[in-house]
Amino acid sequence: MVKEAVKHLEPYVPELTLEQLKQQKGLKKLVRLSANENAYGTSPDVAKALDKWHYADSNLYPDSNAEELREIIASQFDIKPNKLIFGNGLDEIIELLSRVILEPGDEVLDPEPTFSEYALHSEIEGAKLKSVPLDESGRIDLNALTREITPKTKMIWLCNPNNPTGTFLEPKAIRSFIAEVSKSVTVIVDEAYIDFTGNARDSVVPLTAEFENLVVLRTFSKAYGLANFRVGFAICSEPLIGYLQAVRLPYNLSTFAEIAATAAFKDQSFVAGAVKKIIDERQKWEHFLIKSGLPFYDSATNFIFFQVKGGDANALHEFLLENGYLLRNGLRKDWLRVTIGRPEDNQAVQTLITKFLGQ
Ligand SMILES: *Cc1c(COP(=O)(O)O)cnc(C)c1O
Numbered sequence: 001m002v003k004e005a006v007k008h009l010e011p012y013v014p015e016l017t018l019e020q021l022k023q024q025k026g027l028k029k030l031v032r033l034s035a036n037e038n039a040y041g042t043s044p045d046v047a048k049a050l051d052k053w054h055y056a057d058s059n060l061y062p063d064s065n066a067e068e069l070r071e072i073i074a075s076q077f078d079i080k081p082n083k084l085i086f087g088n089g090l091d092e093i094i095e096l097l098s099r100v101i102l103e104p105g106d107e108v109l110d111p112e113p114t115f116s117e118y119a120l121h122s123e124i125e126g127a128k129l130k131s132v133p134l135d136e137s138g139r140i141d142l143n144a145l146t147r148e149i150t151p152k153t154k155m156i157w158l159c160n161p162n163n164p165t166g167t168f169l170e171p172k173a174i175r176s177f178i179a180e181v182s183k184s185v186t187v188i189v190d191e192a193y194i195d196f197t198g199n200a201r202d203s204v205v206p207l208t209a210e211f212e213n214l215v216v217l218r219t220f221s222k223a224y225g226l227a228n229f230r231v232g233f234a235i236c237s238e239p240l241i242g243y244l245q246a247v248r249l250p251y252n253l254s255t256f257a258e259i260a261a262t263a264a265f266k267d268q269s270f271v272a273g274a275v276k277k278i279i280d281e282r283q284k285w286e287h288f289l290i291k292s293g294l295p296f297y298d299s300a301t302n303f304i305f306f307q308v309k310g311g312d313a314n315a316l317h318e319f320l321l322e323n324g325y326l327l328r329n330g331l332r333k334d335w336l337r338v339t340i341g342r343p344e345d346n347q348a349v350q351t352l353i354t355k356f357l358g359q
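Heads up: the sequence shown begins at 1 in UniProt numbering, then just goes up one per residue.
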């Protein structure tokens, strides 16, 4: 009845909503620090722009090309507007790339651990995924990836900075890597968290002018604080962009999503302010983890992955939850991922961790 590749898949289990979890645990307040949402919200211009929308337009299809959003992003990145493709969240772009490129039996490479969507869509297309462990510093091991390339390799996923480790590779290193890879292999750099490095030059978007087999991914869900609106995009050249456009659903973004993303993108000073606060708080987290003797990876993102050394990560996760804070568990034994929250919440979680460890 269904294709072989999907027979063994389990349905995605989404997180409980905050309301459901609050009820289940009998909590008055619950702060989610498990999904890397932007704790500082989104630009106030988003609400103002949405308020101007006319409900009388509800019967009309949205702008399939997201022209206004396309123009401002293209001009900011100094690229041609037709190098952009938008998705219902980056999730849809990840699915679309896999759908367009992969055939059963093809090989796909990704780092381990990394964002789980890459593996899911390889599997759905019947491709064979090889996951290559990170190096000791938690960074993507480009040399090890190069060694795994075979004539069957079609796609290589680089999540930079990497989720869940937060570690970052310099564009120079990625450039040397792509230069070595055959043009028949598509290299995808997922820059969902790149804004949090605090330096626009850390992106490999400019390399899309040089390499036709490079795709760079961005999302409005993290630094722009718009996870609920589902807007992500890819930057790449011909001929791939043409194939992606031919296969994507024509009305994958609502007008609401386009208006929200456009307003958020125009307010770069809001994003810069949120990023600055997150970087400050990230440094405080690092000091805290060092002081507490808890190992962690160098993060260039709005989250930190740390080891509950000398304690039980499941028990700490439960203890924090009972006290109103949800962290991400289950990505690696003994490790938790915490999203950088607002100052008062970071402080509260740190105090709770100290209490839990009996320090
Ligand atoms: C959150 C995340 C995404 C998905 O973003 P959406 O635009 O919300 O679908 C993609 N890649 C990575 C690495 C992420 O962490």
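In this text, a Cβ means the ideal position worked out from N, Cα and C, and glycines have one as well. Remember, predicted model here, so these are calculated numbers, not experimental data.
Just tell me which of the options has its CA closest to the CA of residue i.
| i | options | result |
| --- | --- | --- |
| Ala35 | Leu336, Leu357, Ala234, Pro343 | Leu336 |
| Thr114 | Ala246, Pro133, Phe196, Gln76 | Pro133 |
| Glu125 | Lys291, Ile290, Ile340, Val6 | Val6 |
| Gly105 | Pro62, Ala127, Gly89, His8 | Ala127 |
| Ile290 | Val13, Leu207, Thr354 | Thr354 |
| Arg201 | Leu169, Asn314, Pro164 | Leu169 |
| Leu96 | Asn82, Phe77, Tyr118, Gln76 | Tyr118 |
| Gly358 | Lys333, Asp312, Gly324, Glu344 | Asp312 |
| Ala209 | Ile79, Tyr61, Asp141 | Ile79 |
| Ala263 | Thr42, Ile241, Gly310, Asp334 | Thr42 |
| Asn143 | Pro151, Phe211, Ala179, Leu129 | Ala179 |
| Trp285 | Tyr40, Glu148, Asn346 | Asn346 |
| Glu258 | Asn228, Met1, Gly273, Pro239 | Asn228 |
| Leu21 | Arg32, Pro11, Val13 | Arg32 |
| Phe211 | Pro151, Thr186, Arg218, Leu129 | Thr186 |
| Gly310 | Ser184, Phe356, Lys183, Asp141 | Phe356 |
| Gly273 | Lys29, Pro44, Val13, Glu19 | Pro44 |
| Pro81 | Leu18, Lys25, Ile241, Lys48 | Ile241 |
| Leu69 | Phe256, Tyr12, Phe288 | Phe256 |
| Lys222 | Ile194, Val247, Pro206 | Ile194 |
| Gly166 | Glu67, Ile304, Asp141 | Ile304 |
| Leu27 | Asp51, Val338, Glu344, Tyr325 | Tyr325 |
| Pro164 | Ile149, Leu145, Ser184, Arg139 | Arg139 |
| Glu103 | Glu4, Asn162, Pro206 | Glu4 |
| Glu19 | Pro11, Tyr243, Val13, Leu30 | Leu30 |
| Lys333 | Arg342, Leu316, Pro11 | Leu316 |
| Tyr224 | Asp91, Val46, Ser137 | Val46 |
| Glu344 | Lys25, Ala39, Thr17, Glu10 | Ala39 |
| Phe196 | Val181, Thr219, Lys183 | Thr219 |
| Ala300 | Gln307, Gly198, Ser292 | Gly198 |
To which residues of the same chain is residue i closer than 6 Å at the C-beta, ignoring the five residues directly before and after it?
| i | result |
| --- | --- |
| Ser131 | Asp110, Glu112 |
| Glu15 | none |
| Ile340 | Ile278, Glu281, Arg282, Asn302 |
| Trp157 | Asp110, Tyr118, Ile188 |
| Val108 | Ser122, Ala127, Leu129, Met155 |
| Ala49 | Ile259, Ala263 |
| Phe77 | Val205 |
| Arg342 | Ala39 |
Let's see if you can read the secondary structure: which residues bound the alpha helix (DSSP H) around residue i?
| i | result |
| --- | --- |
| Phe220 | Taken as a continuous stretch (DSSP letters only), Phe220 belongs to no alpha helix (DSSP H), as it is neither H nor E. |
| Phe265 | 255–266 |
| Leu316 | 313–322 |
| Leu357 | 343–357 |
| Leu21 | 18–25 |
On the DSSP letters alone, give me the boundaries of the beta strand (DSSP E) that residue i sits inside.
| i | result |
| --- | --- |
| Gln307 | 303–307 |
| residue 428 | The requested residue 428 does not occur in the structure, where the chain is confined to residues 1 to 359. |
| Ala190 | In the sequence on display, residue 190 carries Asp and not Ala. Asp190 -> beta strand (DSSP E) spans 186–190. |
| Leu84 | 84–88 |
| Phe196 | Phe196 -> no beta strand (DSSP E), and no H or E assigned at all. |
| Ile235 | 231–235 |
| Leu33 | 31–33 |
| Ser247 | Going by the sequence as given, residue 247 is Val instead of Ser. Val247 -> not in any beta strand (DSSP E); alpha helix (DSSP H) instead, spanning 240–247. |
| Val338 | 335–339 |
Please list, in chain order, all residues of the same chain as residue i whose beta carbon is under 8 Å from its beta carbon, the five residues on each side excluded.
| i | result |
| --- | --- |
| Val204 | Asn160, Pro171, Ile174, Arg175, Val189, Glu191, Leu214, Val216 |
| Gly146 | The sequence shown places Thr at residue 146, rather than the Gly named in the question. So the qualifying residues of the chain are Phe177, Glu180, Val181. |
Leaving out five residues before and five after residue i in sequence, what residues of the same chain have Cβ atoms less than 7 Å from its Cβ?
| i | result |
| --- | --- |
| Leu320 | Leu327, Val349, Leu352 |
| Ile94 | Glu117, Tyr118, His121 |
| Arg248 | Ile85, Leu96 |
| Thr153 | Glu107, Leu109, Val185 |
| Val100 | Tyr243, Leu244, Val247 |
| Asp135 | Asp141 |
* Start-end ranges of the beta strand (DSSP E) lying completely within the segment 109–183, minimum 3 residues -> 128–133, 153–159
* Do the segment 261–273 and the segment 285–305 touch if we need at least three Cβ pairs shorter than 8 Å? -> no
* Please determine if the segment 41–58 and the segment 73–82 are in contact, where contact requires at least 3 C-beta pairs separated by less than 8 Å. => no
* To do: Say whether the segment 270–288 touches the segment 231–249, bearing in mind that this needs 3 or more beta-carbon pairs closer than 8 Å, one atom from each stretch.
  => no
* Asked: In the segment 40–67, which residue ranges form an unbroken alpha helix (DSSP H) of at least 4 residues, counting only runs that do not cross its ends?
  -> 44–51
* Specify whether the segment 243–254 and the segment 80–87 touch according to this definition: at least 3 beta carbon pairs, one from each stretch, less than 8 Å apart. => yes
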